[in-house]
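Numbering (this note's numbering), first residue to last: 33 to 292.
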DNA sequence: CGTATCCTGACC
DNA sequence: GGTCAGGATACG
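If you want it as structure tokens, here you go:
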């Protein structure tokens with residue numbers, strides 16, 4: 033469940049659970065995570081107090097009293113589980129933070145593709161990222177300039193975190209549908225009018241998702257207009273939604289509303 | 001630029 | 001048994 037709105041929600045859950053607490057111990061339960069979170073890193077975390085939790089794009093940043101920063105990325109299937117250290121561990125727990133006082137936060141991730149890394153103070157903790165689309169100071173011109181430099185399909189440009197941080201496969205498709213833009217047109221070909229319409233659509237789709245996230249857990253039909261709706265009618269025109277593959281990711285779109 | 005790779009589970 | 005999955009990176 034992790035695109036910007038879901039990660040924003042998860043980071044709030046984490047913040048409420050850990051800020052002000054001391055890390056008693058860290059346990060890495062899967063070899064995939066051990067590659068990035070070494071026993072040397074764990075030794076630096078143990079005993080530190082958690083000062084803050086922030087989000088940037090799909091990354092969560094945990095600031096420690098030592099000045100170090102833990103960066104967590106959920107990739108496809110990561111999430112937090114907050115409970116007590118005395119309870120049985122979740123089947124899919126990959127990394128566990130045990131807190132002083134008996135609290136526990138588990139990084140649960142069936143596919144174990146999540147990453148968790150430790151960065152020293154002053155060291156760059158994040159990869160190169162474009163602005164968050166939710167940042168109100170982001171101006172259309174900045175977004176447009178980033179798009180105009182890319183000849184790749186607009187859908188793929190939206191997935192490039194250096195263009196915008198936090199947009200993933202679902203909301204890229206949803207935003208393009210809302211803006212009535214074909215996922216296959218070159219990013220650089222969008223007029224400034226369409227650039228503006230697209231940024232607005234992205235913001236709208238993310239804001240709506242943010243409202244829904246956490247409020248109704250998951251379930252659900254009817255959450256998306258095009259994503260995972262191949263062969264179903266477009267809610268605007270009735271044309272059947274189509275699925276194509278771009279950069280090894282599924283793209284869903286309405287071939288009528290989203291012509292080039 | 002496209003392609004393979006990291007993992008595991010769900011589903012056909 | 002094969003395919004697909006809300007992500008990103010390393011490679012040729």
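We put the CB at the ideal spot given by N, CA and C, even for glycine.
Only a predicted model underlies this, so the values are computations on that prediction, with no experimental measurement involved.
Per DSSP, which one or two residues make a beta bridge with residue i?
i	result
residue 165	For residue 165, which the question treats as bridged, DSSP gives no partner whatsoever.
residue 283	276
residue 202	Bridge partners of residue 202: none, in fact.
residue 265	272
residue 138	113, 128
residue 151	101
residue 218	185
Considering just the uninterrupted stretch of the alpha helix (DSSP H) at residue i, what are its terminal residues?
i	result
residue 40	36-50
residue 225	224-244
residue 190	186-191
residue 172	172-180
When you compare each of the options to residue i by their alpha carbons, which one comes out closest?
i	options	result
residue 282	289, 288, 274	274
residue 70	207, 148, 117, 138	148
residue 203	116, 258, 142	258
residue 184	155, 219, 175, 163	219
residue 92	111, 98, 81	111
residue 231	216, 120, 261, 190	190
residue 86	164, 228, 255, 192	164
residue 229	107, 214, 241, 243	214
residue 240	59, 210, 120	210
residue 126	117, 116, 139	139
residue 108	94, 84, 145, 89	145
residue 46	99, 176, 113, 80	113
residue 180	44, 227, 193	227
residue 103	39, 130, 225	39
residue 142	123, 156, 158, 155	123
residue 162	192, 156, 217	192
residue 99	84, 234, 105	84
residue 278	66, 201, 167	201
residue 43	74, 73, 106, 66	106
residue 222	67, 75, 292	292
residue 166	272, 65, 94, 233	233
residue 75	56, 268, 245, 265	56
Which stretch, first to last residue, makes up the beta strand (DSSP E) that contains residue i?
i	result
residue 56	55-60
Would you check if the distance between the CB atom of residue i and the CB atom of residue j is smaller than 8 Å?
i	j	result
residue 61	residue 77	no
residue 199	residue 36	yes
residue 153	residue 135	no
residue 194	residue 160	yes
residue 58	residue 82	no
residue 290	residue 187	no
residue 89	residue 54	no
residue 129	residue 137	yes
residue 206	residue 175	no
Which runs of the beta strand (DSSP E) fall wholly inside the segment 62-123 and span at least 3 residues, in chain order? List check, beta strand (DSSP E) in window: 82-88, 91-96, 101-105, 111-116.
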